[in-house]
Structure formats: structure tokens, C-alpha cells
Amino acid sequence: MKASLSWLRELLPELGRLSPDEVAKKLTQGGLEVEGVHVYGAGTEGCVVATVVSMRPHPTKSGLRLVTVEVAGGTQQEIVCGAPNVPEPGFQVVLALLGAHLPAKGMTIARREIAGVVSEGMLCSETELGLSEEGEGILVLPKGFAAPGTKLPQAIPQTNDTIYEIGLTPNRPDGLGHVGLARDLAAVLGLAFRAPVRPAFGDPGVALDVPITIEAEDRCPEFSSARATGIVVGPSPLAWRYRLLALGVRPISTLVDVTNLVLLGYGQPMHAFDLAKVRGRKIVVRTAKDAEPFTTLDGVARKLSSDDLVVCDGEGPVALAGVMGGENSEISASTTEVLFECAYFDARGIRRSSRRHGLHTEASHRFERGTDPCALRDALAYAVELTREVSAGARFSAPVYVVGAKANATPREVARATAEVHASFMNRILGVEVPVDEASAILERLGCAVSPAGPGVLRVSAPTHRPDLTREIDFVEEVIRVRGIDGVPAVLPAVRGSREVGGREDLERRVRAACARSGLSEAITFRFTSEKALEAVRAPKATVVLENPINDHQTVMRTSLLPGLLEVVSESRRRGVRSAALFAVGPVFLEGAPLPDERPELTIVLAGDRPAYLQKPEAYDVWDAKGVAFAVLTELFGRAPEVVTYPAESRPEGLHPRAAGKLLVGDVVVGSFGLLHPDVTDAFDLPEAVPVVTIDLRAAAGLGVAPKYKAIPRFPASPRDLAVVVSDDVPAGHVLEAIASSAGALAAEVTLFDRFVGANIPKDHASLAFRVVYRSDERTLTDTEVEKTHARVVSEIGERFGAKLRT
Numbered sequence: 066m067k068a069s070l071s072w073l074r075e076l077l078p079e080l081g082r083l084s085p086d087e088v089a090k091k092l093t094q095g096g097l098e099v100e101g102v103h104v105y106g107a108g109t110e111g112c113v114v115a116t117v118v119s120m121r122p123h124p125t126k127s128g129l130r131l132v133t134v135e136v137a138g139g140t141q142q143e144i145v146c147g148a149p150n151v152p153e154p155g156f157q158v159v160l161a162l163l164g165a166h167l168p169a170k171g172m173t174i175a176r177r178e179i180a181g182v183v184s185e186g187m188l189c190s191e192t193e194l195g196l197s198e199e200g201e202g203i204l205v206l207p208k209g210f211a212a213p214g215t216k217l218p219q220a221i222p223q224t225n226d227t228i229y230e231i232g233l234t235p236n237r238p239d240g241l242g243h244v245g246l247a248r249d250l251a252a253v254l255g256l257a258f259r260a261p262v263r264p265a266f267g268d269p270g271v272a273l274d275v276p277i278t279i280e281a282e283d284r285c286p287e288f289s290s291a292r293a294t295g296i297v298v299g300p301s302p303l304a305w306r307y308r309l310l311a312l313g314v315r316p317i318s319t320l321v322d323v324t325n326l327v328l329l330g331y332g333q334p335m336h337a338f339d340l341a342k343v344r345g346r347k348i349v350v351r352t353a354k355d356a357e358p359f360t361t362l363d364g365v366a367r368k369l370s371s372d373d374l375v376v377c378d379g380e381g382p383v384a385l386a387g388v389m390g391g392e393n394s395e396i397s398a399s400t401t402e403v404l405f406e407c408a409y410f411d412a413r414g415i416r417r418s419s420r421r422h423g424l425h426t427e428a429s430h431r432f433e434r435g436t437d438p439c440a441l442r443d444a445l446a447y448a449v450e451l452t453r454e455v456s457a458g459a460r461f462s463a464p465v466y467v468v469g470a471k472a473n474a475t476p477r478e479v480a481r482a483t484a485e486v487h488a489s490f491m492n493r494i495l496g497v498e499v500p501v502d503e504a505s506a507i508l509e510r511l512g513c514a515v516s517p518a519g520p521g522v523l524r525v526s527a528p529t530h531r532p533d534l535t536r537e538i539d540f541v542e543e544v545i546r547v548r549g550i551d552g553v554p555a556v557l558p559a560v561r562g563s564r565e566v567g568g569r570e571d572l573e574r575r576v577r578a579a580c581a582r583s584g585l586s587e588a589i590t591f592r593f594t595s596e597k598a599l600e601a602v603r604a605p606k607a608t609v610v611l612e613n614p615i616n617d618h619q620t621v622m623r624t625s626l627l628p629g630l631l632e633v634v635s636e637s638r639r640r641g642v643r644s645a646a647l648f649a650v651g652p653v654f655l656e657g658a659p660l661p662d663e664r665p666e667l668t669i670v671l672a673g674d675r676p677a678y679l680q681k682p683e684a685y686d687v688w689d690a691k692g693v694a695f696a697v698l699t700e701l702f703g704r705a706p707e708v709v710t711y712p713a714e715s716r717p718e719g720l721h722p723r724a725a726g727k728l729l730v731g732d733v734v735v736g737s738f739g740l741l742h743p744d745v746t747d748a749f750d751l752p753e754a755v756p757v758v759t760i761d762l763r764a765a766a767g768l769g770v771a772p773k774y775k776a777i778p779r780f781p782a783s784p785r786d787l788a789v790v791v792s793d794d795v796p797a798g799h800v801l802e803a804i805a806s807s808a809g810a811l812a813a814e815v816t817l818f819d820r821f822v823g824a825n826i827p828k829d830h831a832s833l834a835f836r837v838v839y840r841s842d843e844r845t846l847t848d849t850e851v852e853k854t855h856a857r858v859v860s861e862i863g864e865r866f867g868a869k870l871r872t
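Okay, so the sequence shown: first residue is 66 according to our numbering, each after it adds one.
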């Protein structure tokens, strides 16, 4: 939201004693954060109004003119000017005096000799003054606009203004208009706000003469309007023009600019219809028909939905209610009779229409957040007041307020949200004692109706311009917001125990910890994806399709975590990061009844090369996926999973047919691992094989395996290393199990720490090195006991596998 300091000072004259920075600070202190401040028309400070006296061609340079202008005290100056629109004598222009700085062009005016003629100043255009980014030629003012020598900001105050960029939160629609901002500033400064008085209007003999019916009363509770005749459409006054430009709005014509000034002033969107183009001379507010055609003011032909609210004439839509008007009733230079419309629309319906048609306008921005239902009278009166300034012969009907099919001369009564505010609750929440009288005064300055409801209790009714105030805590927050958060002392809060963590949350927490300890990094991905991405990874078809997706790549709820992870890997590779070991934990949304089945999953993706030190990099393979799966599941359940090869008919389609397996803990299938199918890696532009692991956390949670704890050993260990040569077809795991079995209870730990082939190792054989840790829980083992047990181990694996000690 852009706010004009000069406009705020018109509404709240007391701001004149504060500097622009002090006003910005007060706005921010009150919760309306000022994110930026800039000066509009900074180049006008050294410029004055000058009257053209005469003009002649440059003696040696074609295309240039020598313009003599009168400035203060009858002084005349000759200026060299190349603009094509230098006016006739008597008209006025803007002269930048010597020493004036024009920030928009980064130049300072100095005495210059141009083709042999000295020029002491420059005649300026709007772009050079920093007033507009468009336009050609110098700024021409009417004859007698101001006394020669008058500084431009004095002649047109709107040409020099401080503009605030305010970061409004969606719950503060009152801040989307200057009246609301001024009201809030008054509350913060401890002043009583006096809203502008807009007198009643209506000329005898001018009737509305346009029947209005509301068929969708739930979507449009009230529709106010007034008819204007004798309208003259033309360029707006310069004061209007520069006020709009300063606030980022392009001036168009008097009537359109009137509606924009009302919107910026009261935060109330309104529309002006050319009555000559209103077919059947009647208005109906209804919902649209499915696929009903309508062309909006931006020239786009649209197909409406039955959920869209439209304003219609006798034949069809003339406006997409609350969003944008139609081409068929647009104001033009020939317009002489106008219907002003100022309505209250349901916020949720406008939000849906805006999203559906991709139209986010100044009007929809305000209606979506909730406008003031009691601002219709003042907004209409302000529009009439402005229109009279530029159309002296205009005549207006009295305003009519329509509810359903009934027309009223006065606005409807609007219910206000009411709550009781208890001083004890307020002081406990705020951590500071706030006198009840002070709280009451603050709430009244904000527009609330306050009355006592008992000792230390206030009954407070929210103003209609604050739809966010509905509960006691809301009013308490308003008190401290206006009083000042900096007045609350810093106190260390009491530490209370956190809530109980559910089984699923606890499991996901342990899963994340196990993955991190396995060297994986967590990737936070969107729960949305595209049907194309799901098809690429051969995931189940999406069951939840978004009606208003954020973009074309996030149109459905995911049925697999893989698309998000693979997109992260693909993007990382494009940015030069070749390797990634990532995991994601979260729900997938599968088919279910009546609601989708929200199933928690863990997915791991390994891409590129495994970490290496002082050796040649090697790409991740399927055994890395198996190892990570074993590490995570073993830590979670205290036992290693079992791997079973998939039958061809039940193998996940996204996995490679010759490199995939399923993981079992006990007799429960908890997931799968393997290489991605080449078609999947091609779809995400991943050149090498990519190992993945998927764990069904719902199935894993059903195992109910609790962590087991062991006491710290009391007696010392006796480690022994054992290197044996076995045939290549002997699995190392079988040898490890045999060692543990033959050592019995004395084997506290058995670990494979090396595998070696080549050199003096026979062909088709490998050297396996194990570390066996012997320990007793009851006493210290003697060397004799350890050597006897170790000899039994060597004998056992020699007999079972033909293992020979490596020498």
C-alpha cells in the first residue's frame, strides 16, 4: 500500500508538526510497517512557474528555440529549448533555476552555452521533474495558473510529496485507504479523529430511474448507486493527476480518476457505468451462468463460472463484480450520463473469482480482505463531490441503497462484533498494568463503541471498518498495539512442559535423526506437484487436483515424494553441485474414501559420487541404497531388515527391473530400494543411475518396536583381528554370522572392516578382515579363555567355508 503524507496531513492536520520520518515511525509503531520512504517530485523544489513572453528560432541551430519567460518581479530570462510543444505567449511553463537539482535525470542546472547562445535555466517536462515516467515535451500550465516565480510545490502541492510503502497484513483492510491510515495515526498519537464530513446530495427532479435487483443477496448484501447527468469527461486537474501518479495509479479521465481517488481515500472500490450503454436501463446482480461469455476492460474474452458474481444490464454482464468492469459499459469521451455503483461484496466469492480468472486488481485486493459495509454513503458522497469539481453542470440523483429487491433511502444497519474485555485478563496477557480508563480511551479512538459492563469489565463493539476484531483477545491486542509494545517490560517467561508428542510425530522425529546420522541431508519439498512429474516416476495417479494452483508445475497433491527430490537433484546439478544424498519425510495423498489417504513416507535419493578421500570418485550404486536402508531401519527397530527380490509382476514400475528389492522387518514389508528406471532418470535429466529408498512409515509405525538400552560395560574387552581367505561366492555376512555363533556369549561385537582382492590372494578368492571383541558381563576374561574361544572360531569358519588364515 502506498500512502501520501500530504493526503494524510489533509485528513489529520496535527501531522504537520511531525517530520516525514517521525510519521513513518508512528505508523510502524502502530503495526502498519513502513517498508520504504521516497520523495515524489524531488526535482520540483528548485523549479518555479514562469510565463512565456516570446519565442524565436535559434539563430544557428535548427530545431531549437529561444524562449523568453517572465519570472518573479517581472524579471525576464531567455532559455534555449528543443521541446516541440513550447506554448504561445501567455501560457505558463516550469523553469528549473540555476543550481536546481533534478534527481530523475541526475543533473544539476548550470549556465550553459548552446550553439553560441547562453541559457540560464531549463524548461522542464514531467519526466525531468520526476513526476511521470511517460510523456513528451515540456509541462505546459494554463494562462494565469500562478504568479510568475511561484515555486511549483506551492502552485501544485501534489507535485512534491513523501510517499510511504506500507507492508499491510491481510487482516488490516482498513489500512488500504487514507482515511483508515489517518484514523489509526490519530489513535497512536492520542488524538480524536474527525472523519471528513460529506454532505448529503441529490438534485430535485433527478431520479435514479434505473431499477436495481439483487438476486444473489448472500454474495452482495447491499448495492448503493446514484445517477449523474450533465457529465463532461476530459483530462483531470493537475492536482488529481499528480496525486494519482505519486501513488502509482495512471490517470485516465475525470470519471475514472474519481473512482480511483475514492478507492485510495476510503479503501472502497466503486465503478462508473456509462448509462447510454446499459441495455434495458436496468441492473441485476446475480451469479453467472456456466461458460457465459464476457469481455473485461482489459480486452480479454472470458468464460465465466456459475460461482462468479456479475453485475448485469438487461441483456448480460457489464462487470465481473468486485474485480473488473466490462468493455461494453466503459466510460468514454462522449459519456454524459453515469451510474455510480458502490457495493459491498462477500470477500470469499471475490477471492475465488480473482484467482479463477487470474485477475488481481486494486478492487479485488480490497474486497478480498473485507471492505467497510458502512462506508458506502461516504464513498458515494465523495465521488459526487469530486465530480462536481470537474463537471460544473452535473446533477445527481439522491443515493439509493438496494438490499435484495428493496430500494432504501438510507443504508442498512450492520451488526457489530461485540465482546467483553476484562482488566484482569488484559493485564495478565500483556504483562503490564493498563488502567481501564486508558484502555477504554484507546479503543474509542480506534472507532469502537465502549461501555462499562461491571467492575473492571468493558463491553466493546468493533467498528465496521475492522472485520478482524471479533474476540476479547483482539481488543486486548489493539490496546497494546496503540499504547506501544515498547512499554511492555522484558520478563523471562515461565518454562512449561511441552505437549505430548504423538506416535507418528515421534517416529518421524526419530527417522529424521537416523537419516542425519547416516550422512543424509533433509530436503523440504512442496506437497504439490504436476501430473506429468508423477507419470515420469511411475507413481500412482493423483487423486487431489487443485482448483487454483500456484503455477502450472504444482497442480495436484503428490502421491510420491520422488518428484520433489528429483527436481532438487536436477536443479542442484544445473548449478554445479554434482552429488547429493537427500531425504524427505512427509505425507503422500493416495486414493481413499471419503477423503484421500494421507500416508506418511520416507524417501531417500543418492545421486552422483559417494564421499571419498584420497581416492578416485565412485558413483553411488544399489548397494549404497541397501546400506542406507539397513542403517536407518536398524537404528529405528534394533534389528537389520531382510531383503527379498521383487517378483516381476509386483516390482514398483519406477525401479530398474534388475536392481530392486523390498525390505522386511520381521514379516512386515516396510519399503523398497533400488535403482531408478532409466526412463525416470532421463525425464529429470539425470545421466547416471540413481539409487533410491522408500519407507512406508505407517507400516513401520505398526511394528511398535521400542528402543533397547544396555548398561555401560563393567569389565574390559579383549579385541582380536581375524583375516581369512574365502571363495568369492561366500557371502561375508554368512562368515560374520558364523563367527558370532561359534564365539557364543563372549562375542560382544563382530565387525567386517576390510575386503581385499588381488596381489597374493588366489583368483576368485577374497580376503575378509573381521574384528571380534570378546567380553563377559560377569568378570574379566583371561588370555587363555580368549585364545581358546578364538581358536574355536577359526576352526568353525575353516570347516564351514574352507576359510584359511591370511599370512
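Note that beta-carbon positions come from the ideal geometry of N, C-alpha and C, so glycine has one too.
Taking its Cβ as the centre, do 16 or more other Cβ atoms sit within 10 Å of residue i, making it buried, or is it exposed?
i: Asp750; result: exposed
i: Asn616; result: exposed
i: Pro676; result: exposed
i: His422; result: buried
i: Val642; result: exposed
i: Gln680; result: exposed
i: Val556; result: exposed
i: Phe780; result: exposed
i: Trp305; result: buried
i: Thr845; result: exposed
i: Phe266; result: buried
i: His855; result: buried
Write down the C-beta distance between residue i and residue j rounded to the nearest angstrom, noting that I regard them as a contact closer than 8 Å.
i: Leu667; j: Val653; result: Not a contact, Cβ separation roughly 11 Å.
i: Val758; j: Val693; result: 6 Å
i: Leu404; j: Ser290; result: 6 Å
i: Ala353; j: Val388; result: Actually they are not in contact, since the Cβ atoms of Ala353 and Val388 sit about 12 Å apart, beyond 8 Å.
i: Phe461; j: Ala598; result: Actually they do not touch by this definition, with Cβ atoms about 58 Å apart.
i: Gly111; j: Ala165; result: 3 Å
If I measure Cβ to Cβ from residue i and keep anything under 8 Å in the same chain, skipping five residues before and after, which residues do I get?
i: Gly391; result: Phe359, Thr360, Thr361, Leu362, Pro382, Val383, Ala384 and Leu385
i: Thr173; result: Gly164, Ala165, His166 and Leu167
DSSP state of residue i, grouped into three classes?
i: Met66; result: coil
i: Ala765; result: helix
i: Met335; result: coil
i: Ile538; result: helix
i: Gln885; result: This structure gives no information on residue 885, because the portion of the chain shown stretches from 66 to 872.
i: Asn825; result: coil
i: His123; result: coil
i: Gln157; result: strand
i: His618; result: coil
i: Ile317; result: coil
i: Thr116; result: strand
Whole angstroms are fine: how far does the CA of residue j sit from the CA of residue i?
i: Arg133; j: Ile415; result: Here residue 133 is Thr; the residue named in the question, Arg, does not match the sequence. Using only the alpha carbons, I get a separation of about 57 Å.
i: Val486; j: Leu312; result: 39 Å
i: Ser806; j: Ala813; result: 11 Å
i: Ile179; j: Gly195; result: 24 Å
i: Pro528; j: Thr475; result: 19 Å
i: Ser184; j: Tyr229; result: 37 Å
i: Arg574; j: Arg638; result: 29 Å
i: Ala724; j: Val745; result: 14 Å
i: Ile669; j: His530; result: 51 Å
Just to confirm my understanding: we take residue i, look at its own chain, exclude 5 residues before and 5 after, and list those with CB closer than 6 Å. What are they?
i: Gly155; result: Lys208
Sorted by chain position, which residues of the same chain lie with C-beta nearer than 7 Å to residue i's C-beta, five sequence neighbours on each side aside?
i: Phe13; result: Because the chain spans 66 through 872 in this model, residue 13 falls outside it and cannot be assessed.
i: Glu199; result: none
i: Ala748; result: Ala601
i: Arg577; result: Glu587 and Val650
i: Leu655; result: Pro605, Thr608, Thr624, Pro661, Asp662 and Arg664
i: Arg882; result: Missing from the structure shown is residue 882; the chain here goes from 66 to 872 and no further.
i: Ser71; result: Pro222, Gln223 and Asp226
Could you tell me whether any non-hydrogen atom of the ligand SAM is closer than 7 Å to the CB of residue i?
i: Leu80; result: As for the ligand SAM, it is missing from this structure, which has no ligand bound.
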